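Numbering (the working numbering), first residue to last: -14 to 252.
Ideal Cβ placement from N, Cα and C applies to all residues, glycine included.
These numbers come from a predicted model, not from an experiment.
Everything on this sheet refers to the single structure shown next.
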């Protein structure tokens, strides 16, 4: 490899390490605050196995420290519900609306929030759908998932889906030799860091080996997948081959992390 190539590789390595550090840097997230009809029951289900104070019940005004508010409606949105959402909007706190037993002639709560879940009579709370909306609403999904186990599946699925899609788009657009590889490596290490954060929360010094390992894995896989892409170009158009290999490689890295975490003893 030429001197210029070595300098480019060193710069790329520093970039991916810094990306992982940024994703795992100390951060904080407030609790999930549940209010409304059957709030205690929903909070109990959401908070199964959660850290103390991560999911709480509040029948009053929106808490300024909350990360996400969950409002359970039994019927059409009332003036109190509308006031609740307006107050939350002023605080820039997202609201997930769960509407119990919706009827065809009721006002749809989408006018209050884009994060809406309908709960049909006799079916119980659709917990997976509710956790999906919470993760979509929150800016701290991985950190919340580290404190609320019920969110981890939704966070993991969302992080991997977005990373695979973005990697495919980068592969599709990066037609020049090696042009997309550094960007794909950054996307992959960002994904690995977020998946790790969903387990451990903010990083401390004990997470630095993971930061270095994730960066090395992303870089090494980038070179390995270039060879796979060259073979794929023999049977597929170049942009499609690059996109397919980038997406598959990103997915494979996520699977590798899950396997590695399954072998790490709980801290």
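Neighbour-count burial assignment, residue i, 16 or more Cβ in a 10 Å radius
i	result
residue 173	buried
residue 62	buried
residue 135	buried
residue 242	buried
residue 107	exposed
residue 148	buried
Residue nearest to residue i in terms of C-alpha spacing, selected from the options
i	options	result
residue 224	126, 149, 119 and 155	155
residue 153	180, 118, 230 and 112	230
residue 25	151, 97, 110 and 128	110
residue 97	74, 147 and 148	74
residue 176	132, 133, 158 and 234	234
residue 171	238, 114 and 113	238
Beta-bridge pairing of residue i - partner residues as DSSP gives them
i	result
residue 104	85
residue 17	40 and 53
residue 58	84
Straight-line Cα distance separating residue j from residue i
i	j	result
residue 190	residue 31	Caution is warranted here: a pLDDT of 49 is assigned to residue 190, below 50, making its placement in the model unreliable, and the coordinate value is therefore given only provisionally. So the two alpha carbons sit approximately 30 Å from each other.
residue 28	residue 142	22 Å
residue 228	residue 65	49 Å
residue 150	residue 181	19 Å
residue 55	residue 221	47 Å
residue 76	residue 57	19 Å
residue 22	residue 140	26 Å
residue 240	residue 67	43 Å
residue 116	residue 137	9 Å
residue 126	residue 183	8 Å
residue 232	residue 226	10 Å
residue 85	residue 146	30 Å
residue 236	residue 157	16 Å
residue 20	residue 83	10 Å
residue 105	residue 114	13 Å
residue 314	residue 244	In the structure displayed, the chain extends from -14 to 252; residue 314 sits before or after that span and is not available.
residue 112	residue 72	26 Å
8 Å contact criterion, which residue i and residue j should meet: CB distance rounded
i	j	result
residue 39	residue 16	6 Å
residue 81	residue 100	4 Å
residue 102	residue 51	Contact flag wrong, Cβ pair sits at about 18 Å.
residue 53	residue 119	5 Å
residue 14	residue 129	5 Å
residue 179	residue 144	5 Å
residue 79	residue 122	4 Å
residue 256	residue 133	Since the first residue shown for the chain is -14 and the last is 252, residue 256 is missing from the structure and cannot be characterised.
residue 247	residue 185	Not quite, the Cβ-Cβ distance comes to about 14 Å (not below 8 Å), so this is no contact.
Check: residue i C-beta below 7 Å from any heavy atom of the ligand NAD
i	result
residue 166	Inclusion of the ligand NAD in the displayed structure is not the case, the ligand content being empty and no account of it being possible.
Below-8 Å beta-carbon distance, residue i vs any chain B residue
i	result
residue 85	Among the chains of the structure shown, chain B does not appear; only one protein chain is present.
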